[in-house]
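The structure appears right after this line, and notes come after that.
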Amino acid sequence: MVEMIKNPVLRGFHPDPCICRAGDDYYIATSTFQWFPGVELYHSRDLVHWEFTGRPLDEKRLLDMTGVPDSGGVWAPCLTYEDGMFYLVYSNVKTFRNYHKDVDNFLTCSRDIHGPWSDPVYLNSSGFDPSLFHDDNGKKYILNQIWDHRDKNDPFDGIALQEYDPEQQCMKGEPVQIFKGSSIGVTEGPHLYKINGMYYLVCAEGGTFYEHAVTVARSKNIEGPYELSPYHPLMTSYGHPELRLQKCGHGSLVCTQNGEWYMAHLCGRPEGVHKRCMLGRETSIQKLKMTEDGWFVIDHPSGLPQNEVPSPGLPDFIVSERPVKRVFPAKLPDEFQTLRIPLDQRWMAFNEERQSLVLYGKESMESLHTQSLVGIRREHFDFMAETSVRFWPVNYQQMAGMALYYDTTNYFYLNVSWDEVLGRTVSMIVCDHGEISVSGERCQIAEGEDNVYMRMKVKNKTAQFSWSPDGENYFEIGEELDATKLSDDYYNEAEHGLRFTGTFIVLCCQDTSGQRCPAEFEYLTYSPSGGEA
582 MVEMIKNPVL RGFHPDPCIC RAGDDYYIAT STFQWFPGVE LYHSRDLVHW EFTGRPLDEK
642 RLLDMTGVPD SGGVWAPCLT YEDGMFYLVY SNVKTFRNYH KDVDNFLTCS RDIHGPWSDP
702 VYLNSSGFDP SLFHDDNGKK YILNQIWDHR DKNDPFDGIA LQEYDPEQQC MKGEPVQIFK
762 GSSIGVTEGP HLYKINGMYY LVCAEGGTFY EHAVTVARSK NIEGPYELSP YHPLMTSYGH
822 PELRLQKCGH GSLVCTQNGE WYMAHLCGRP EGVHKRCMLG RETSIQKLKM TEDGWFVIDH
882 PSGLPQNEVP SPGLPDFIVS ERPVKRVFPA KLPDEFQTLR IPLDQRWMAF NEERQSLVLY
942 GKESMESLHT QSLVGIRREH FDFMAETSVR FWPVNYQQMA GMALYYDTTN YFYLNVSWDE
1002 VLGRTVSMIV CDHGEISVSG ERCQIAEGED NVYMRMKVKN KTAQFSWSPD GENYFEIGEE
1062 LDATKLSDDY YNEAEHGLRF TGTFIVLCCQ DTSGQRCPAE FEYLTYSPSG GEA
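With my numbering, letter number 329 in the sequence shown gets 910, and the count goes up by one each step, no holes.
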């Protein structure tokens, strides 16, 4: 019996997937936005089991996101493989909420998926979602969405194509608009494929929320004109609230060794009356088939995205399980990321004997520049996370602890700080669209207690925090919190601006006094619970 692909294949914040094959190996690249290192890479050999394989943009020479806004940074990367070389095209979005989008697009290459990656080549800044196409005549082309800042109501100006010169490492000729999009609108995320002498253009449309869709057009000539598929759209979940996978769109294609076609795509799994996707935008895979007249459709009678999909039946790819308890043996475990820039030895160190992490207090949780913060993704509806911290603040400007974090405007933060009357205290800070409040009472930490143990229990839509002086007896602090607020869907575009990321469990330390007060974290546990992921 053929094993089934169970969607989503990448749970939690893994949006805008680009899939490619290199021999018997399959890779998916996803967006990371303001989280560093940039671009999440996963590896598989059967399309069923996927294993984290690295983040290539791991140096400032490749990616400097200092000051980028929440949900800026790396959007929709494109990973391709040709003649023994991996090519990664990516953006660095520096502004995007007003009339203009300041977005620089780059290309880096490597013979090995694990690097080293070449110095980035600047491509253009005319729009976002850049991708690279390798034609069979040896030519290479860059595609991207064009942003027209003059029309606030309809700034999406189609898809541009321009030749890239790999020898000179620069763009060549003039860009050509090859596709204006369908009536769905909001045309972005282009990927180009040449199949049986025809050029197939796959685009995202409808915006990345519930109207999201995948559109396909084709042409005999690379510059068009492109004919829209009569089976348009190739995929959407819009209008089908009964489907578990919603927001389906932003697809990219891959052909297996046996000639079967699959599509990796973005999706979300909403919960509750507000239809909020607490796990962010995730990655799923659908099986495709080609009609007699040469168009792609979903290989299922309904034509709709499926929770389970027949795999290509390739040999099983064995993936090691992640540990529940993460310690810090002189380095950050692979799952951890920082915000915008790498943390260097001025702000991060390790106690090798205790295998612990030391963070030196830096800027506030609102900073877009240098936060002393590390985190891992929330990938399950139900989980428990726990840490132990040693922290000795001497004034109220110093804080450290564990947070359930969406971005600088929405988070729940259990922290140790200082109070002039109580001394060392534990408190629960809630940031809701930038408005900060304290949930519950501040708790005094008794003298002689070095470690403070912190725990969060998240059950789907709710989060309850607690703390302990001994790691055995825990005391709830603050009220039960609405975890659905830590999602893209909690933001109103007109009032707050759009968001596109996901929730992290973070360890952090702030010291706005400038004294670099250190916090030592002994471990972080992340333990999924319940049934469905």
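Heads up, the beta-carbon is just placed ideally off N, CA and C, and yes, glycines get one too.
Quiz prompt | Test: valine 590 CB closer than 9 Å to a CB of chain B | solution = In the structure shown, chain B cannot be found, because there is only a single protein chain.
Quiz item: Along the chain, where does the beta strand (DSSP E) that runs through glutamate 663 open and close?
Solution: 659–663
Practice problem: Output the distance between the C-alpha atoms of valine 1011 and arginine 692, rounded to the nearest integer angstrom. | Solution: 46 Å
Quiz item: Between leucine 713 and tyrosine 668, which are expected to be in contact by the criterion C-beta below 8 Å, what is the C-beta distance as a whole number of angstroms?
Solution: 5 Å
Self-check item: Same chain, Cβ closer than 8 Å to tryptophan 999, neighbours up to 5 away in sequence not counted
Solution: Pro974, Val975, Asn976, Tyr977, Gln979, Arg1005, Thr1006
Quiz prompt | Inter-residue spacing [alpha-carbon to alpha-carbon] between tyrosine 1107 and isoleucine 922 | solution = Isoleucine 922 has its alpha-carbon roughly 24 Å from the corresponding atom of tyrosine 1107.
Quiz prompt | Length-filtered (3 minimum) beta strand (DSSP E) runs lying within the region 603–653 | solution = 606–611, 621–625, 632–635
Exercise. Check tyrosine 680 in the structure and name its three-state DSSP category.
Key: coil
Self-check item: DSSP state of lysine 587 mapped onto helix, strand, coil
Solution: strand
Quiz item: Nearest CA to the CA of glycine 787: which residue from Tyr807, His813, Arg799, Glu808?
Solution: His813
Quiz item: Using the rule of at least 16 other Cβ atoms within 10 Å of the residue's Cβ for burial, across every protein chain shown, is arginine 642 buried or exposed?
Solution: exposed
Quiz prompt | Cβ shell of glycine 1052 (< 8 Å), same chain only, five flanking positions each side left out | solution = Here the set comprises Ser969, Asn1032, Tyr1034.
Practice problem: Give the straight-line distance between the Cα atoms of threonine 990 and valine 795, rounded to the nearest whole angstrom. | Solution: 31 Å
Self-check item: When Pro658, Asn705, Pro1099, Glu769 are compared against arginine 927, the one with the closest alpha-carbon
Solution: Pro1099
Quiz item: Are lysine 1038 and methionine 965 closer than 9 Å when you measure CB to CB?
Solution: Yes, the Cβ-Cβ distance between lysine 1038 and methionine 965 is below 9 Å.
Quiz item: Cβ of valine 674 versus every heavy atom of the ligand SAH: is any distance shorter than 8 Å?
Solution: Looking for the ligand SAH in the displayed structure turns up nothing, as the structure carries no ligands at all.
Exercise. Rounded to whole angstroms, what's the CA-CA distance from lysine 801 to glycine 1111? Just pull it up for me.
Key: Cα-Cα distance, rounded: 51 Å.
Quiz prompt | Rounded separation between leucine 949 and threonine 1082 - CA only | solution = Going from the Cα of leucine 949 to the Cα of threonine 1082 covers about 15 Å.
Practice problem: Consult DSSP for tyrosine 977 and reduce its assignment to one of helix, strand or coil. | Solution: coil
Practice problem: Identify every residue that forms a DSSP beta bridge with glutamine 867. | Solution: Met844
Quiz prompt | Proximity to threonine 919 [Cα-Cα], best of Leu688, Leu644, Phe633 | solution = Leu644
Quiz item: Straight-line CA distance for leucine 773 to serine 937?
Solution: Looking at the two C-alpha atoms, the distance is approximately 47 Å.
Self-check item: Backbone CA spacing between glutamine 726 and threonine 768 [nearest angstrom]
Solution: 7 Å
Practice problem: Have a look at Gln1091, Met983, Gly1029 and flag the residue whose alpha-carbon is nearest the alpha-carbon of phenylalanine 1046. | Solution: Met983
Quiz item: Out of curiosity, what's the CA-to-CA distance linking proline 747 and threonine 789?
Solution: 32 Å
Practice problem: Report the partner residues of asparagine 1054 according to the DSSP bridge assignment. | Solution: In DSSP, asparagine 1054 forms no bridge with anything.
Quiz item: Is DSSP giving alanine 1064 helix, strand or coil here?
Solution: helix
Practice problem: Within 10 angstroms of the Cβ of phenylalanine 1085, are there 16 or more other Cβ atoms? Answer buried if so, exposed if not. | Solution: buried
Quiz item: So who's on the other strand from phenylalanine 917, going by DSSP bridges?
Solution: Its beta-bridge partners do not exist; DSSP assigns none.
Exercise. Enumerate in chain order the residues of its own chain whose CB-to-CB distance from proline 1109 is below 8 Å, with the five nearest sequence positions on each side excluded.
Key: Glu960, His961, Asp963, Phe964
Exercise. Round the Cβ separation of tyrosine 652 and arginine 1080 to the nearest angstrom and send it over; I've been treating them as touching at under 8 Å.
Key: Going by the sequence as given, residue 652 is serine instead of tyrosine. That belief holds up - the Cβ atoms of serine 652 and arginine 1080 are roughly 5 Å apart, short of 8 Å.
Quiz item: Which whole-angstrom value describes the C-beta separation of leucine 815 and phenylalanine 877, a residue pair presumed to lie in contact below a C-beta threshold of 8 Å?
Solution: 6 Å
Self-check item: Within 9 Å, strictly: CB atoms of phenylalanine 993 and alanine 1044
Solution: yes
Quiz prompt | Simplified DSSP state of tyrosine 1071, which is helix, strand or coil | solution = helix
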